[in-house]
Each structure stands twice: as C-alpha cells, then as structure tokens.
Amino acid sequence: MDRNYVNLTVNPCKMCMPMGMVAALKGISGSMVILHGSQGCSTYIRRHMATHYNEPVDIASSSLTEQGTVFGGSENLKKAIYNVIGLYEPSVIGIGTTCLAETIGEDTARMVKEMKTDPSLKSISLIPISTPGYAGTQFEGYFNALKAIVEDTAVITGKSRALNVIVPLLSPADIRHLKLILEMFGIEYIMLPDISDTLDAPYTREYKRIPKGGTALSSIARMPGAMATLEIGTTIPEKLSPGKFLKDKFGVPLYRCPLPMGIEGTDTLISLLAEFSGRKVPHMITEQRGRLMDSMIDSHKYNSEFSAAVYGEPELVLGILNICLENGIGLRLAATGCKSPLLKPAVENLEEKFKNNLSVMTDTDFEKIQKFVAGCHVDVLIGNSDGKWIEEKEGIPLVRIGFPIHDRIGGQRLLSICYEGTMRLLDEITNTYLSFKESTYRKRMYQKYFN
Amino acid sequence: MRGENTLKRALDKYPARVYKNRKSHMLVKDSSCKTQEIAANTRSIPGIISNRGCCFAGCKGVVLGPLKDVVHIVHGPVGCSYYTWGTRRNKARKSINEKNFLQYCFSTDMQESDIVFGGEKKLRNAIKEAVEIFSPEAITISATCPVGLIGDDIHAVAAEAEREYGIKVMAFSCEGYKGVSQSAGHHIANNGLMKNVIGTGKGKKYGSYPINILGEYNIGGDGWEISRVLEKIGYDIVTIMTGDGSYAELKNAHLAGLNLVQCHRSINYIAEMIEKKYGTHWLKVNFLGISSTIQSLKNIALYFGDESLISKTEEVIQEEYGMVKDQLEYYKSRLQGRTAFIFVGGSRAHHYQVLLNDLGIESILAGYEFGHRDDYEGREVIPDIKADADTKNIEELKVEKDKKYFRVTMSPEKLEELKKTIPLSYYGGMLKEMAQGSIVVDDLNHHETEEFIRLLKPDMFFSGIKDKYISQKMGVYSKQLHSYDYSGPYTMFKGAGIFAKDLDMGMYTPAWRFVTPPWKTGPILEAVLFGGEKA
Ligand code: SF4
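Residue numbers (the working numbering), protein chains in the order written: chain Z, 48 to 498; chain G, 6 to 540.
So this is what it looks like as structure tokens:
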C-alpha cells in the first residue's frame with residue numbers, strides 16, 4: 048500500500064503467528080500449548096494475553112538454548128511434552144513452532160509422530176502446528192491452528208444433526224452470546240474454538256490449572272458427520288479454512304457468513320440459523336432486533352455528524368465497518384496489519400452499497416495510520432488499545448475493541464456481535480463522539496467564530 | 006510448619022530428575038549454617054512454565070529500551086518487537102531540545118524471504134529510513150532469534166551506517182536463545198554501552214557531588230522520586246541507567262564521582278567496568294523500604310565524607326520521613342503480621358523485603374526470576390561460580406585503565422576503612438537478610454507457585470502479570486512488582502507511603518467478602534426479611 052517507508056515498521060499493527068495459535072488452542076477443552084523455541088516467545092505471549100483477559104494464560108516452552116540451535120531441539124521438545132503431561136494432565140497439547148525452531152529447520156511433525164509410538168502417550172493428542180513468527184500475523188496463526196486441529200482430529204463418523212460453527216477470534220462474551228442464540232434455536236452445535244469459559248472463567252473457590260470449558264476433542268472428531276459447517280468470516284484465506292477442509296475431505300456443506308455485526312450481518316446469521324433449525328426466529332431475538340432498530344433511529348441524528356477510522360484484524364474491521372455504514376457514520380479508513388488480500392474487495396462491495404469512499408490499508412503500521420488520520424477529518428478511532436498513541440497525539444478519542452485491550456479493564460467481557468452487541472458497540476461509538484463533542488464544543492465554536 | 010518438608014511436598018509431583026534439579030534451586034534459610042548454596046542462572050526445564058524471558062528481553066527490553074533519545078530498531082520478525090512496545094512502564098519525559106522515542110516501536114518485520122535470503126539489506130534500509138524520519142543521535146539494533154542463525158552481520162551494517170550518517174549506531178547480538186534468561190541480555194547490553202557510549206562524552210560542569218544511578222529503570226516514576234530526594238540533598242545526577250536515561254547523558258557516565266547500584270543483577274557489569282576503567286567506585290544502595298533508604302542515603306554521604314553533606318542528609322531524611330511517618334504507622338497497624346511471597350526480578354525480591362518488613366509483613370518465600378548465585382549469597386561466591394556452556398557464550402569484556410580519565414579518588418587505606426562500614430563494590434545478596442526458616446526458590450515456576458501457595462497460605466503474592474491471576478484465582482491478593490499495577494512510585498519515603506496504601510487497598514477491598522455466595526454458608530432468609538429487623 049501507500050508505504051513510503053517500506054523497510055522500517057513503526058508501531059506495528061499486528062502480532063506474530065504463535066499468538067493466534069495460542070488463542071485458538073485456549074478454546075479447546077483440556078488443552079495446553081508448548082511453543083518450540085526460546086522462552087521469550089511463550090513469556091511475551093503469556094504476558095500479553097494475561098493482561099487482556101485477566102486470567103492465567105499458561106504456555107509452556109521447550110526452552111531452546113544456543114546448544115539447541117546447533118544440535119537440534121528434539122530432546123528439549125520431548126522433555127517439554129513429558130513434563131507438561133506430568134504436571135497438567137492435558138488431553139491435548141498444541142505444539143507450535145516459533146521463528147527459532149523454523150529457522151533451524153525443526154521438523155516438529157516428525158518428532159511428534161515418533162513420540163506417538165510411546166504407548167503412555169496414547170490417550171493424549173499431540174498436534175504439531177507450524178507457526179513461524181515471520182510467516183504471518185496472529186490472524187493467520189489462529190486459523191492455521193484451527194485447521195491443524197481439525198485435520199488431526201476429525202474422523203469419519205456417523206451423520207449427526209449437529210452444526211459446525213467456526214468462529215474468528217472474538218471475545219469470550221461474544222462466544223457466550225452466540226452459544227445462547229444457537230441454543231434458543233435448539234440447534235445442536237460444535238463451536239470451534241470455544242473460549243467463552245477458558246479465557247473468562249467465573250470466580251470459584253477452587254482454582255483449576257486447566258480451566259474448564261472449551262471445545263471437546265471428541266466433538267471435533269465428530270465434525271465430519273455434521274449436517275453443515277457455518278464458518279463465520281469472509282476474509283479467511285481458503286488454504287487456512289477449516290470449513291473448506293471439512294467440505295473437501297468429508298463433503299460437509301459449507302456456509303460462510305460475515306461476522307454478525309450490524310443489523311444486516313446479524314440478519315444473515317439469524318436467517319441461516321432459522322433455516323438450519325427449521326424453526327421460527329425466537330421471540331426474544333426478534334425483540335432484540337427491534338431494540339437495536341430503535342436504538343439506531345434514536346442515535347442517527349448524531350451518527351451522521353462524524354467520521355471514523357477502523358483498524359485491526361480484517362474480520363473485525365469488516366464487522367465494525369458494517370455497523371458504522373449502516374448508521375451513517377462517515378468512514379475514512381479501514382486498516383489492518385495483515386496482508387489480507389480479501390479485505391479490499393470486501394470493503395469495495397460495501398462502499399458501493401453505502402456510497403461512502405474510504406481508504407483501505409493492508410500490511411500497514413500505526414505510523415501510517417496516524418499520518419492518514421492526521422491528514423483528514425476523523426473524529427473517532429475504533430480498534431484495539433494500541434491505537435492509544437494516536438489517541439494521545441492527535442487528540443482523537445479511541446473506542447477500544449478487539450485484542451489486545453491493555454489500558455482498560457474488561458476486554459474479555461465486551462459484547463459486540465449480533466443485535467445485542469451491535470447495539471452496545473454502536474452506543475459506545477456514538478457516546479464517545481458525543482462526549483468528545485461536548486467537551487470540546489465551546490473551544491471549537493470559539494475558534495470558529497472569534498478567531 | 007515451614008521447612009525441608011514443605012519443599013519436599015511442593016516437589017512431590019516431579020519425576021526424579023526434575024525433582025533433583027528443582028530441589029537444588031531451593032533452600033530453607035538456616036542461620037546456623039555458615040554458607041548455604043543455591044543453584045541459579047542455569048537452564049530452565051523445558052515444559053515447566055517458568056516466568057523467565059529471553060536474552061533479547063533483557064537486552065532490548067530492560068537495559069536499552071529506556072534510553073529515550075535513541076531509536077531502538079529490532080531486527081527480526083515483528084512479534085518480539087511488538088511485545089516489548091511500551092510494556093515496562095519505564096517512564097520518561099523530555100526536556101527542551103531533547104528527543105524522546107519511547108512511545109515508538111521499530112522493527113524490520115522480517116518476512117519469510119528475508120529469512121531465506123538474508124535481512125541485511127532490509128536492515129540497512131530501515132536504518133536509512135529511521136535517520137530520515139527521526140534523525141536521532143543514536144540507533145541501537147537488537148537481534149531476535151533468527152538473525153544470527155541466518156548469518157546477518159548486524160555489526161558490519163551498524164559500522165557502515167555509523168560512517169555514513171555520522172551518528173552512533175550500535176548492534177547487539179542478543180538473540181533470544183542465548184544464555185538462560187534475560188540475564189544474558191543484560192550482560193550483552195552492558196558490554197555494548199560500555200564499549201560504545203560510556204566515556205565518549207565531554208561532560209558539562211557538575212556540582213560537588215556528581216553521581217550516577219545504575220540499575221534504576223524508573224518504573225512508575227521510581228527513578229524520579231530517587232532523583233528528587235538526592236538532588237534535594239545536593240547531589241548532581243550525571244546519568245541514570247537507564248530509566249528516563251539518555252544517550253546524551255550516558256556518554257558522560259565516566260565523569261561521576263560515585264556510582265550507586267540499585268538493581269545489582271542487570272547492571273553490575275557496567276559498575277565493575279567503570280571502576281576498572283575510570284576508578285569510580287560503586288556503592289550498593291536500596292531505595293525501597295524506609296530503613297534501607299535511610300541507610301543508603303547515609304552511606305552515600307559517608308562516602309563523600311563531607312560534614313555539611315552528612316548533616317544535610319540527616320535533615321532531608323527527617324523531613325522526608327516526617328511527611329509519611331504517621332501514614333506508615335497507620336498502614337502498618339492494618340498490615341502487621343501478614344505473610345508474603347515475593348518473586349521478581351534479579352534484585353527486587355530482595356529490595357522489597359525491607360519495605361515489607363517496615364510494614365510488619367513477613368516474607369516467607371522469596372526468589373529471583375533470573376538472579377545469579379551472588380544475588381542470593383553475596384559477591385564473595387563469584388570466584389566459586391563455575392562458568393557453564395551458556396555463560397561462556399556471553400562475552401566477558403576486558404577493560405583497561407583509561408589514560409585520560411582514570412582517577413584515584415581515595416587512598417587505598419581509606420578505601421579499605423570505608424569498606425568496613427559501607428557496601429563499596431560489594432553486594433551481600435538476599436539470603437543473609439532473610440529470617441530463619443524462610444524459603445528461597447530460584448526460578449519459581451507455575452506448578453511450584455501453586456503448591457507453595459497451597460502449603461503456606463500467604464496473605465499476599467508479589468510477582469508479575471503472568472502469575473498474578475493464578476494467585477488471585479486461589480484467593481490470595483496479588484500485586485505486580487514489574488509494572489506496579491499502574492501505580493507507583495514506590496521508592497524513597499513518599500513511595501513507601503504509596504506502596505503501603507496500595508497494599509491496604511488490595512487487602513481490604515470489600516470484594517473479597519463476597520467470594521462465597523450466601524446460599525453456600527447457611528440460611529439466607531434473615532437477609533431478606535422485610536422491615537430492617539433481622540429474624
Ligand atoms: S516473532 Fe518469532 S521469535 Fe518473536 S515472539 Fe514471535 S515467534 Fe517468537
């Protein structure tokens with residue numbers, strides 16, 4: 048994209064693959080993660096996730112040292128696997144690679160295969176996942192992991208009435224809400240992954256090392272027998288799509304729908320669910336839609352006054368875009384640190400529909416985002432808390448959503464999907480603008496008329 | 006009761022080899038033993054969730070990162086760089102004409118093709134771009150895991166850029182896999198700063214008592230509070246390494262009259278090298294805790310030995326202490342008798358014990374994440390520490406007396422005399438000061454954290470964000486001593502007051518009362534009976 052400076056990334060708008068891989072694994076029941084590499088990767092990712100979710104996030108490392116870079120790390124990895132099993136008793140271990148392991152050419156898949164011959168490991172799923180930090184962002188790491196899990200686990204089974212639901216990285220609150228909706232329709236579902244409890248666990252007297260919740264491996268194994276797969280997200284690269292894999296290999300019909308953010312996006316999802324279940328849309332959901340509609344009409348008089356810039360993971364960006372456009376909020380920018388070739392065409396579709404011209408930046412950094420928003424009229428920023436520097440420097444208020452949110456509490460509890468979540472996020476966006484307007488109104492008026 | 010048995014029970018679940026290894030990293034303080042040895046600075050066991058970071062974290066994240074007027078370029082894939090972006094709360098402010106790049110995160114964001122074909126060209130161009138956009142006086146390049154392995158010669162690139170742009174460009178080969186923890190990175194950063202920066206400045210006119218503060222990273226403004234008090238007494242601070250520090254000031258570090266060392270682990274190499282090269286002595290200080298702060302301030306004055314300085318020191322102590330005395334008494338009355346675990350860093354686990362003790366809180370378990378044996382047992386054990394393969398890979402920089410700047414400030418006799426009363430060029434470690442029966446654990450991991458909490462039921466747990474929530478989920482109040490949970494400063498007298506207040510808040514938050522729902526404890530009807538009277 049319009050990058051004058053192409054070699055120096057200033058304030059990255061992305062993380063590395065293992066981060067996404069860990070997030071995905073945390074949604075699998077009884078799981079642990081080992082990152083094959085030096086300790087730092089695990090430690091950094093633990094730190095970042097714990098700060099956002101306010102939960103323990105345990106990630107083991109094979110703790111490779113200089114010696115390991117010379118003689119290979121299989122011994123370390125082996126030890127790590129046995130130790131993790133001894134102390135955590137997981138039913139599945141995701142083994143991700145890091146830059147180090149990949150650079151020295153570690154063949155984790157082979158190592159794991161060899162280990163599987165040990166009868167004592169029979170009841171444990173060891174899933175190797177290739178996640179070199181230099182080959183993609185957390186977005187790719189996440190789907191890479193999901194696909195690897197499905198490939199490893201899914202087996203030919205009898206047909207069931209279940210619906211596979213594959214979700215991008217959302218908040219635990221979002222996943223809880225989605226499950227509730229599925230339950231209201233009486234749909235039997237397999238949600239992959241399910242971080243609703245694992246990364247937002249209720250306070251109990253008893254602390255569990257591996258939190259309860261998450262998608263059971265036995266459920267994933269049954270995915271090939273499902274009635275259909277519903278993959279939420281339209282920017283997932285084909286080669287990373289677990290839904291596509293299930294379709295190609297097992298013939299499970301694949302439906303894709305956009306993230307249910309905004310009224311139309313949610314309508315699509317709800318209609319699909321109605322069709323799957325053969326039921327009428329539950330009364331409560333209709334009411335939620337009505338309430339969202341009501342709120343949209345309530346706030347339209349403010350919404351068309353201001354404009355916004357959105358950044359983050361492509362799927363979420365699209366979702367937020369939808370909400371803004373449906374409500375007449377002027378959009379200036381949709382940006383992502385991922386390469387995501389699918390974002391631009393998706394945005395163009397929306398542009399046409401809403402007659403709103405906006406710029407799209409992929410593979411970008413915050414330096415360029417900042418330059419852009421400073422150079423045009425933007426009232427509100429929407430994205431994760433890394434935009435706080437722009438907020439500070441340019442004085443543009445930031446609505447925090449997505450991952451990570453490090454400077455506010457409760458990122459794991461933010462609900463922003465479906466009618467209910469859309470309503471909350473929309474209110475938040477509108478109110479952010481209103482509060483900004485109120486607090487700067489006099490000053491601006493003064494400048495306009497008396498200066 | 007705490008004792009060897011506690012250790013055994015905590016280690017119980019380990020397989021034999023792990024048991025043996027981890028056992029050597031623990032001990033129960035026994036004052037009747039003349040020496041007690043603990044294993045430290047050795048490899049963590051794979052798969053055991055340690056809190057340690059990597060070499061890169063220690064080099065770029067800890068020591069170099071806080072230098073505010075420097076553009077710190079991370080050469081490598083984007084992750085490592087991103088993860089060190091503004092995460093340490095090392096605060097900085099800039100004065101006029103000063104540059105501050107601390108809010109930025111710079112990376113070469115290596116891609117697959119760079120790994121295959123080499124990333125030198127990208128790095129070269131990235132430096133060029135950094136110079137064009139930010140025009141800094143100095144640039145550091147820190148290597149992450151793949152760099153050394155693919156054979157990028159970052160030192161050559163740095164040298165070339167230095168010639169081309171006429172600014173300081175330094176390369177640090179701090180690949181994540183080097184050493185066994187952040188500690189290796191501290192050492193590499195120390196070497197680099199000593200080689201390239203310290204001693205290159207011409208200085209300015211300093212007051213009578215110019216000093217450096219080493220190993221203070223200004224977390225939550227700690228360094229500012231230290232500087233405020235020291236300046237009030239009459240010291241002139243040449244540079245702080247490295248919290249709110251700058252390349253511009255660091256260049257003049259050789260011109261100070263004394264080096265104060267706060268965090269011994271991360272910076273003792275520089276302290277020693279400066280002593281050898283320029284003759285400046287170093288004094289171990291601790292500005293966390295009232296008693297240690299008073300002692301440290303007195304020691305500094307004693308070093309310079311000037312009567313007026315000594316009396317001014319007393320005066321400032323009275324004044325500063327007076328301001329918080331009542332407050333501290335109050336909090337002490339509320340916190341007295343509690344017990345704590347403290348597991349952090351390479352010096353803080355020691356420093357904070359004093360502050361806790363001042364508040365009547367007993368540290369029943371303590372340990373370092375990346376300390377060495379000397380941080381536990383005192384510098385006298387350094388000659389006995391066997392260098393293993395991991396340590397040998399880190400360069401031991403040899404320095405010689407500087408022809409121009411080496412000074413002898415004190416007669417050897419006087420120096421020896423002074424050493425008897427103040428810790429000059431010496432750190433005694435944490436162990437000596439711990440109470441009989443307290444437990445020391447090096448490189449405490451997730452499993453042991455849980456086991457020890459279960460066994461010893463402390464009232465508070467001091468550590469970092471990675472293990473904070475484990476403790477909290479177990480019902481034990483937890484406070485981060487890496488980032489202070491967005492509070493601070495905790496240093497000197499005022500800081501002690503803020504710390505005490507934070508603990509009080511954490512211990513007494515009404516939230517803890519509601520952990521058990523009423524229907525789990527007995528009849529609930531009385532609470533809902535209408536009319537205000539209880540049944
Ligand atoms: S970029 Fe590579 S080395 Fe850095 S944290 Fe990510 S996987 Fe680890």
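Even glycine gets a Cβ: it sits at the ideal position worked out from N, Cα and C. Because the structure is a prediction, the values reported are computed rather than measured.
Return the residue from the list G:Ser476, G:Asp227, G:Lys406 and G:Phe111 that minimises the CA-CA distance to Glu277 (chain G).
As a first step, residue 277 (chain G) must be located in the second sequence, where it is residue number 272. Selected option, being the one with the closest Cα: G:Lys406.
For Pro175 (chain Z), tell me which candidate among Z:Ile81, Z:Pro307 and Z:Leu264 has the shortest Cα-Cα distance.
Looking up residue 175 (chain Z) in the first sequence gives position 128. It is Z:Ile81 whose Cα lies nearest to the Cα of Pro175 (chain Z).
Measure the Cβ-Cβ separation of Ala182 (chain Z) and Met270 (chain Z) and say whether it is below 7 Å.
The count along the first sequence starts at 1 and reaches residue 182 (chain Z) at position 135. The count along the first sequence starts at 1 and reaches residue 270 (chain Z) at position 223. No, they are not a contact pair.
Between which two residues does the beta strand (DSSP E) harbouring Ser346 (chain Z) extend?
The residue labelled residue 346 (chain Z) in the question sits at position 299 within the first sequence. Run containing Ser346 (chain Z): none in the beta strand (DSSP E); it sits in the alpha helix (DSSP H), His330 to Asn350.
Cβ of Pro51 (chain G) less than 7 Å from any chain A Cβ?
In the structure shown, chain A does not exist; the protein chains are Z and G.
Using a threshold of 7 Å, state whether the C-beta atoms of Gly261 (chain Z) and Ile75 (chain Z) are closer than that.
Sequence index remark: in the first sequence, residue 261 (chain Z) carries index 214 (1-based). Sequence index remark: in the first sequence, residue 75 (chain Z) carries index 28 (1-based). In contact: Gly261 (chain Z) and Ile75 (chain Z) (Cβ atoms closer than 7 Å).
So for Ile317 (chain Z), helix, strand or coil by DSSP?
In the first sequence, the residue the question calls residue 317 (chain Z) occupies position 270. The answer is helix: DSSP assigns Ile317 (chain Z) an H, G or I state.
Checking contacts by CB at 7 Å: is Ala127 (chain Z) closer than that to chain G?
Along the first sequence, one-based indexing puts residue 127 (chain Z) at 80. So, interface residue.
Partners in chain Z for Ser86 (chain G), counting only beta-carbon separations shorter than 9 Å
As a working note, residue 86 (chain G) is residue 81 in the second sequence. Per Cβ cutoff of 9 Å: Thr56 and Pro59.
For Lys484 (chain G): DSSP bridge partner residues
By 1-based counting over the second sequence, the position of residue 484 (chain G) is 479. Lys484 (chain G) is bridged to G:Phe467.
Taking 7 Å as the threshold (beta carbon to beta carbon), is Met48 (chain Z) in contact with chain G?
Translated into positions along the first sequence, residue 48 (chain Z) becomes position 1. Here Met48 (chain Z) scores only 40 on pLDDT, less than 50, and its place in the model is too uncertain to base an answer on.
Proximal residues to Met162 (chain Z) (C-beta, below 7 Å), its chain only, five neighbours per side dropped:
Taking the first residue of the first sequence as 1, we reach residue 162 (chain Z) at position 115. Excluding positions up to five away in sequence, the list reads Lys125, Ile128, Leu168 and Leu173.
Taking all protein chains shown into account, decide if Cys38 (chain G) is buried (16 or more other Cβ within 10 angstroms of its Cβ) or exposed.
Translated into the one-based positions of the second sequence, residue 38 (chain G) becomes position 33. So Cys38 (chain G) counts as exposed.
What are the boundary residues of the alpha helix (DSSP H) that includes Phe106 (chain G)?
The count along the second sequence starts at 1 and reaches residue 106 (chain G) at position 101. No alpha helix (DSSP H) contains Phe106 (chain G), which DSSP labels as neither H nor E.
For Ile370 (chain Z), which residues from the same chain have a beta carbon less than 7 Å from its beta carbon, with the 5 sequence-adjacent residues on both sides left out?
Here the question's residue 370 (chain Z) lines up with position 323 in the first sequence. Excluding residues within five positions, the ones whose Cβ falls inside 7 Å are Met308, Gly309, Thr469, Leu472 and Leu473.
Candidates Z:Lys226, Z:His330, Z:Ser218 and Z:Ile267: closest to Asp247 (chain Z) by CA position
Residue mapping note: residue 247 (chain Z) aligns to position 200 of the first sequence, counting from 1. It is Z:Ser218 whose Cα lies nearest to the Cα of Asp247 (chain Z).
Hey, is Gly84 (chain G) close to the ligand SF4, as in C-beta under 6 Å from one of its heavy atoms?
Reading the second sequence from its first residue, position 79 is the one you call residue 84 (chain G). Yes - the ligand SF4 has a heavy atom lying nearer than 6 Å to the Cβ of Gly84 (chain G).
Buried versus exposed call for Glu373 (chain Z) [16 or more other C-beta atoms within 10 Å across all chains shown]:
Counted from its first residue, the first sequence places residue 373 (chain Z) at position 326. Buried, because 16 or more other Cβ atoms sit within 10 Å of the Cβ of Glu373 (chain Z).
Could you tell me the distance, in whole angstroms, from the CA atom of Leu193 (chain Z) to the CA atom of Met68 (chain Z)?
As a position in the first sequence, residue 193 (chain Z) is number 146, starting the count at 1. As a position in the first sequence, residue 68 (chain Z) is number 21, starting the count at 1. Looking at the two C-alpha atoms, the distance is approximately 8 Å.
Beta strand (DSSP E) segment containing Ile305 (chain G), residue limits:
Position 300 of the second sequence, counting from 1, holds the residue named residue 305 (chain G). Element bounds for Ile305 (chain G): not the beta strand (DSSP E) but the alpha helix (DSSP H), Ile295 to Phe309.
If I'm right that Ile443 (chain Z) touches Val407 (chain Z) with Cβ under 8 Å, what's the distance once you round it to whole angstroms?
The residue given as residue 443 (chain Z) occupies position 396 in the first sequence. The residue given as residue 407 (chain Z) occupies position 360 in the first sequence. Contact doesn't hold; Cβ gap of about 19 Å is too wide.
Tell me whether Thr112 (chain Z) counts as near the ligand SF4, meaning its Cβ is closer than 6 Å to at least one heavy atom of that ligand.
One-based indexing of the first sequence puts residue 112 (chain Z) at position 65. Answer for Thr112 (chain Z): no, Cβ out of range of the ligand SF4.
State the DSSP-derived secondary structure class of Pro361 (chain Z), mapped to helix, strand or coil.
Taking the first residue of the first sequence as position 1, residue 361 (chain Z) is located at position 314. Here Pro361 (chain Z) sits in helix by DSSP.
Would you please verify whether the beta carbon of Gln358 (chain G) is less than 7 Å from any beta carbon of chain Z?
Against the second sequence, residue 358 (chain G) aligns to sequence position 353. No, its Cβ sits nowhere closer than 7 Å to a Cβ of chain Z.
Going by alpha carbons, who is nearest to Asn191 (chain Z) out of Z:Ala209, Z:Asn211, Z:Pro215 and Z:Gly205?
What you label residue 191 (chain Z) is simply residue 144 of the first sequence in a count that begins at 1. The candidate whose alpha carbon is nearest that of Asn191 (chain Z) is Z:Pro215.
Does Cys150 (chain G) get closer than 7 Å to chain Z when you measure Cβ to Cβ?
As a first step, residue 150 (chain G) is located in the second sequence; it is residue number 145 there, counting from the start. Judged by the 7 Å Cβ criterion, Cys150 (chain G) is in contact with chain Z.
Please confirm whether Lys539 (chain G) has its beta-carbon closer than 7 Å to some beta-carbon of chain Z.
Taking the first residue of the second sequence as 1, we reach residue 539 (chain G) at position 534. Confidence at Lys539 (chain G) is low in this model, with a pLDDT of 47, below 50, so its placement is unreliable and no value can be given for it.
Near Ile376 (chain Z), what residues of its chain come up, given a Cβ to Cβ distance below 6 Å and the 5 sequence neighbours on each side ignored?
One-based indexing of the first sequence puts residue 376 (chain Z) at position 329. Counting only Cβ-Cβ distances below 6 Å, and skipping sequence neighbours, we find Asn350 and Ala355.
In the structure shown, what three-state DSSP assignment does Ile132 (chain Z) receive?
Counted from its first residue, the first sequence places residue 132 (chain Z) at position 85. DSSP places Ile132 (chain Z) in helix when its eight states are reduced to three.
Buried or exposed by the 16-neighbour rule on C-beta atoms within 10 Å, applied to Gln441 (chain G)
Along the second sequence, one-based indexing puts residue 441 (chain G) at 436. Per the 10 Å Cβ criterion, exposed.
N- and C-terminal bounds of the alpha helix (DSSP H) containing Thr318 (chain G)
If you number the second sequence from 1, residue 318 (chain G) lands on position 313. Residues Glu312 to Leu340.
Same chain, Cβ closer than 8 Å to Lys210 (chain G), five either side skipped, listed in chain order:
As a first step, residue 210 (chain G) is located in the second sequence; it is residue number 205 there, counting from the start. Here the set comprises nothing.
Tell me where the beta strand (DSSP E) around Asn211 (chain Z) begins and ends.
On the first sequence, residue 211 (chain Z) is found 164 positions in, with the first residue counted as 1. Start and end: Leu210 to Ile213.
Verify whether the separation of the beta carbon atoms of Val349 (chain G) and Leu32 (chain G) is less than 7 Å.
Your numbering for residue 349 (chain G) matches position 344 in the second sequence. Your numbering for residue 32 (chain G) matches position 27 in the second sequence. Result no, Cβ atoms of Val349 (chain G) and Leu32 (chain G) do not sit closer than 7 Å.
For the pair the stretch 427-434 of chain G and the stretch 378-392 of chain G, tell me if three or more CB-CB distances fall below 8 Å.
yes
Is any non-hydrogen atom of the ligand SF4 found closer than 6 Å to the C-beta of Cys150 (chain G), if you look at the structure I gave you?
For the purposes of this step, residue 150 (chain G) is taken as the residue at position 145 of the second sequence. Indeed, a heavy atom of the ligand SF4 lies less than 6 Å from the Cβ.
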